[in-house]
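Right, one structure below, let's go through it.
Protein chains: 2
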Amino acid sequence: MARFYSVIPAGGIGSRLWPLSRASAPKFLHDLTGSGQTLLQDTWDRLAPLSGKERILVVTGVAHRNAVTEQCTELDRLNLILEPSPKDSTAAIALAAAVLMKREPDVIIGSFAADHVITDNEEFGKCVREAVQVAATGKIVTIGIQPTEPSVGFGYIKLASKIVGAETAREVEHFVEKPNIERAREYVSSGRYLWNAGMFIAPASLLLEVLAKTEPDLYKKVMELADSWNTEAEAKVFEENWPGLKKVAIDYSVAEPAAADGLVAVVPANFGWHDVGDFAAISELQSGGKRNHLAVLGEAKVLSEKSNGILISETGRLVALIGLEDVIVVDTPDALLITTKEHAQRVKNLVDSLKNTGHSDVL
Amino acid sequence: MARFYSVIPAGGIGSRLWPLSRASAPKFLHDLTGSGQTLLQDTWDRLAPLSGKERILVVTGVAHRNAVTEQCTELDRLNLILEPSPKDSTAAIALAAAVLMKREPDVIIGSFAADHVITDNEEFGKCVREAVQVAATGKIVTIGIQPTEPSVGFGYIKLASKIVGAETAREVEHFVEKPNIERAREYVSSGRYLWNAGMFIAPASLLLEVLAKTEPDLYKKVMELADSWNTEAEAKVFEENWPGLKKVAIDYSVAEPAAADGLVAVVPANFGWHDVGDFAAISELQSGGKRNHLAVLGEAKVLSEKSNGILISETGRLVALIGLEDVIVVDTPDALLITTKEHAQRVKNLVDSLKNTGHSDVL
Chain A
27 MARFYSVIPA
37 GGIGSRLWPL
47 SRASAPKFLH
57 DLTGSGQTLL
67 QDTWDRLAPL
77 SGKERILVVT
87 GVAHRNAVTE
97 QCTELDRLNL
107 ILEPSPKDST
117 AAIALAAAVL
127 MKREPDVIIG
137 SFAADHVITD
147 NEEFGKCVRE
157 AVQVAATGKI
167 VTIGIQPTEP
177 SVGFGYIKLA
187 SKIVGAETAR
197 EVEHFVEKPN
207 IERAREYVSS
217 GRYLWNAGMF
227 IAPASLLLEV
237 LAKTEPDLYK
247 KVMELADSWN
257 TEAEAKVFEE
267 NWPGLKKVAI
277 DYSVAEPAAA
287 DGLVAVVPAN
297 FGWHDVGDFA
307 AISELQSGGK
317 RNHLAVLGEA
327 KVLSEKSNGI
337 LISETGRLVA
347 LIGLEDVIVV
357 DTPDALLITT
367 KEHAQRVKNL
377 VDSLKNTGHS
387 DVL
Chain B
27 MARFYSVIPA
37 GGIGSRLWPL
47 SRASAPKFLH
57 DLTGSGQTLL
67 QDTWDRLAPL
77 SGKERILVVT
87 GVAHRNAVTE
97 QCTELDRLNL
107 ILEPSPKDST
117 AAIALAAAVL
127 MKREPDVIIG
137 SFAADHVITD
147 NEEFGKCVRE
157 AVQVAATGKI
167 VTIGIQPTEP
177 SVGFGYIKLA
187 SKIVGAETAR
197 EVEHFVEKPN
207 IERAREYVSS
217 GRYLWNAGMF
227 IAPASLLLEV
237 LAKTEPDLYK
247 KVMELADSWN
257 TEAEAKVFEE
267 NWPGLKKVAI
277 DYSVAEPAAA
287 DGLVAVVPAN
297 FGWHDVGDFA
307 AISELQSGGK
317 RNHLAVLGEA
327 KVLSEKSNGI
337 LISETGRLVA
347 LIGLEDVIVV
357 DTPDALLITT
367 KEHAQRVKNL
377 VDSLKNTGHS
387 DVL
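Going down the list, the sequences are from chains A and B. One gets my numbering by counting positions in the first sequence from 1 and adding 26 to each. One gets my numbering by counting positions in the second sequence from 1 and adding 26 to each.
Dropping the structure here:
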């Protein structure tokens with residue numbers, strides 16, 4: 027584990043969580059679990075015992091600098107990379123890899139989203155430790171989640187043979203994109219697929235080597251950015267290179283091509299995992315499977331009669347609900363959302379509508 | 027019409043319209059029709075052409091003095107009676123009758139609730155004029171509303187024979203209280219019943235004469251209050267008499283007993299009338315019968331998708347609704363109500379719960 031470095035790409039607005047999640051206060055800056063701290067802080071606490079606090083690097087938007095440093099008080103100034111604008115996961119993770127590889131050529135990085143919920147940190151730690159061991163043998167290792175339902179919201183990982191000498195890790199045959207529902211059912215019933223939760227553990231050098239082949243221009247620009255980072259040239263190089271960076275998910279630029287070359291392994295997860303992608307997911311998470319439960323996040327005074335679902339309050343106002351089934355209420359100082367679990371995915375369209383109708387002040 | 031004086035009892039909180047209607051800002055102080063003025067102002071404008079502005083008397087709670095005088099700028103100071111506490115309609119109307127009778131012994135008063143909606147003021151005026159003519163013959167005259175549905179929310183008036191010489195007025199056989207649904211259907215299909223909208227036109231002397239028989243103690247106290255009103259003795263007499271006033275609706279104390287004595291007539295209304303008793307009623311009124319319509323009262327920015335019902339906003343916040351059928355949303359600075367038309371009547375229970383759980387700050 028001495029080679030291990032945690033990387034937290036803290037990006038993504040989480041449009042489906044509007045009006046809670048905003049451009050100015052994205053999903054990872056909120057407490058969505060009622061834990062008393064934000065998803066970013068939960069992520070930090072989960073990684074600190076594995077890499078050490080001094081070996082956690084955060085990549086986030088320049089707008090979130092203050093929020094991130096206030097929430098992660100022990101974050102080293104040299105472990106904070108600020109993105110001038112969002113460029114998807116490859117740019118963020120590859121830049122982190124390149125910066126860290128300059129410091130430690132044999133570093134193994136583990137990249138973990140800032141806005142996922144994991145319910146068993148001990149099991150998570152066990153999985154990461156095994157993943158680091160396997161990565162040290164020259165693999166890109168992902169942690170795959172045992173599906174609990176035929177979700178069409180996640181990509182899947184097809185398992186191949188077990189890796190000799192590893193405790194649970196297997197080779198990855200290939201990644202598959204978000205399937206339709208029939209395909210998802212096949213995957214889940216076959217027992218040969220896991221959910222892709224976007225966690226990657228790999229030697230930084232290997233990750234960048236794959237990228238150099240699949241996206242040479244992006245690779246070149248990222249290496250220049252890393253060379254300039256924290257030097258006098260930084261501002262100039264970022265100004266030149268950043269706007270032209272290709273936006274591509276690391277799944278496409280690195281994970282899939284590497285899997286085709288037999289370079290990817292997976293450690294099956296033995297912990298609960300949620301991407302809390304929409305309010306229906308938060309509601310499920312909060313109600314813990316109880317029916318007819320109204321979950322409440324925030325300091326609202328609530329009077330509820332024959333209602334269930336979730337209320338998220340940032341205003342502290344009294345909220346009275348009568349006769350509402352599977353309702354979602356998000357009460358913020360300047361915007362109020364009311365919908366139902368069934369329509370939770372539509373919130374993203376709504377955010378698009380808001381953009382198109384000149385309401386970007388509330389986005 | 028020279029004998030006619032308008033009386034507006036402006037009382038009643040309208041619990042079923044919480045959190046819009048509050049103890050501090052009851053129903054009549056709100057614009058519930060989108061007319062740009064409050065129900066009280068609408069009532070004033072409807073009566074001014076009939077009695078003259080200088081002959082409109084308002085009875086309201088002492089807490090609403092400022093709101094009422096601000097909204098009715100032409101209200102004469104001597105035409106405003108302030109109630110120390112709510113004592114139901116008999117006290118309010120009888121005190122108005124007694125005060126006015128002292129000024130003009132042969133005055134005919136017409137009492138009209140401050141919080142009803144009437145959609146055709148010209149027809150209303152015709153009905154009131156006929157009612158005043160009939161009242162002048164020594165009758166208590168009510169204006170009865172043609173039922174549009176078998177409502178269980180209103181009392182009914184059973185019609186008897188036509189009054190000789192009157193244009194449309196009929197004798198009243200008796201009043202009946204809010205019926206159950208079977209009975210309501212019978213009433214409506216018989217064609218012999220009208221809704222009791224609580225409008226009474228009568229010589230003040232006759233009204234008080236009936237009260238003297240049915241509620242002698244209340245009558246005595248009211249006459250003492252009227253004698254003291256606007257004199258040096260007022261404070262003392264009000265302090266002594268007011269707390270012990272019996273709370274009784276004028277329907278029970280005057281209208282029903284008078285009907286039994288053959289003293290009551292009814293003018294059938296030819297105008298649209300709504301008591302806007304709950305949010306479902308406001309929604310119906312606003313949507314004008316259109317299905318799949320989201321009515322909006324107030325200055326909200328609204329983004330609605332597959333939603334219908336009513337949104338009432340006092341905050342100006344952006345409100346986004348997705349996939350809500352027959353929804354009722356009332357967004358006020360310190361309280362938010364969300365329910366459906368089906369449950370609109372339950373709001374009253376909610377207000378009771380709020381009282382019982384120490385939330386009287388928002389009532």
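No residue lacks a Cβ here, since even glycine has one placed at the ideal position from N, Cα and C. In this text, all values refer to a predicted model and were calculated from it rather than measured experimentally.
Classify residue i as helix, strand or coil using the three-state DSSP reduction.
i      : result
E250/A : helix
N222/A : strand
G170/B : strand
P269/A : helix
D57/A  : coil
E368/B : helix
V377/A : helix
V160/A : helix
T69/B  : helix
E260/A : helix
So, residue i versus residue j, is the Cβ gap smaller than 8 angstroms?
i      : j      : result
S339/B : L350/B : no
V356/B : L347/B : no
K327/B : L344/B : yes
G181/A : G303/A : no
V391/A : I207/A : Lying outside 27 to 389, the shown extent of chain A, residue 391/A is not represented and no answer is given.
S177/A : W221/A : yes
R72/B  : I134/B : no
V158/A : L233/A : no
L237/A : A74/A  : no
Y82/B  : V154/B : The sequence shown places Ile at residue 82/B, rather than the Tyr named in the question. Not in contact: I82/B and V154/B (Cβ atoms no closer than 8 angstroms).
E241/A : V274/A : yes
L106/A : V94/A  : yes
G298/B : D146/B : yes
A195/A : V214/A : no
L289/B : L271/B : no
L101/B : V84/B  : yes
R372/A : E175/B : no
Give the straight-line distance between the Cα atoms of residue i and residue j, rounded to the nearest whole angstrom.
i      : j      : result
L337/A : L362/B : 12 angstroms
V160/B : E212/B : 29 angstroms
S254/B : V263/B : 7 angstroms
I34/B  : S137/B : 6 angstroms
T383/A : D141/A : 28 angstroms
L108/A : A51/A  : 16 angstroms
L376/B : T341/A : 21 angstroms
A149/B : M225/B : Reading off the sequence, residue 149/B comes out as Glu, not Ala. Distance between the alpha carbons of E149/B and M225/B is about 15 angstroms.
N267/B : G87/B  : 16 angstroms
R42/A  : N296/A : 27 angstroms
L65/A  : S32/A  : 16 angstroms
P45/A  : L58/A  : 13 angstroms
A306/A : H56/B  : 36 angstroms
T202/B : Y219/B : Going by the sequence as given, residue 202/B is Val instead of Thr. Their Cα atoms are separated by approximately 9 angstroms.
P205/A : S386/A : 32 angstroms
L311/A : A117/B : 56 angstroms
P283/B : G315/A : 60 angstroms
L129/B : S47/B  : The sequence as given places Arg at residue 129/B; Leu does not occur at that position. Roughly 35 angstroms separates the two Cα atoms.
E156/B : A192/B : 8 angstroms
A162/B : P359/B : 49 angstroms
S313/A : V388/B : 28 angstroms
V322/B : I364/A : 15 angstroms
G122/A : V190/A : The amino acid occupying residue 122/A in the given sequence is Ala; Gly does not appear at that position. Answer to the nearest angstrom: the Cα atoms are 31 angstroms apart.
To which residues does DSSP link residue i through a beta bridge?
i      : result
P35/B  : V85/B
L363/B : A346/A, V356/B
K184/B : H200/B, Y219/B
P229/B : I134/B
F30/B  : I134/B
So within the segment 193-218 of chain A, which uninterrupted beta strand (DSSP E) runs reach at least 3 residues, ignoring any that extend past its ends? The segment 193-218 of chain A contains these whole beta strand (DSSP E) runs: 196-202.
What ranges does the alpha helix (DSSP H) occupy inside the segment 88-154 of chain A, keeping only unbroken runs of at least 4 residues that lie completely in it? Taking only runs of at least 4 residues, the alpha helix (DSSP H) segments lying wholly in the segment 88-154 of chain A are 91-97, 114-129.
Note down, one range per segment and in chain order, each alpha helix (DSSP H) of at least 4 residues found wholly within the segment 273-340 of chain B. Unbroken alpha helix (DSSP H) stretches of 4 residues or longer found wholly inside the segment 273-340 of chain B: 282-286, 305-313, given in chain order.
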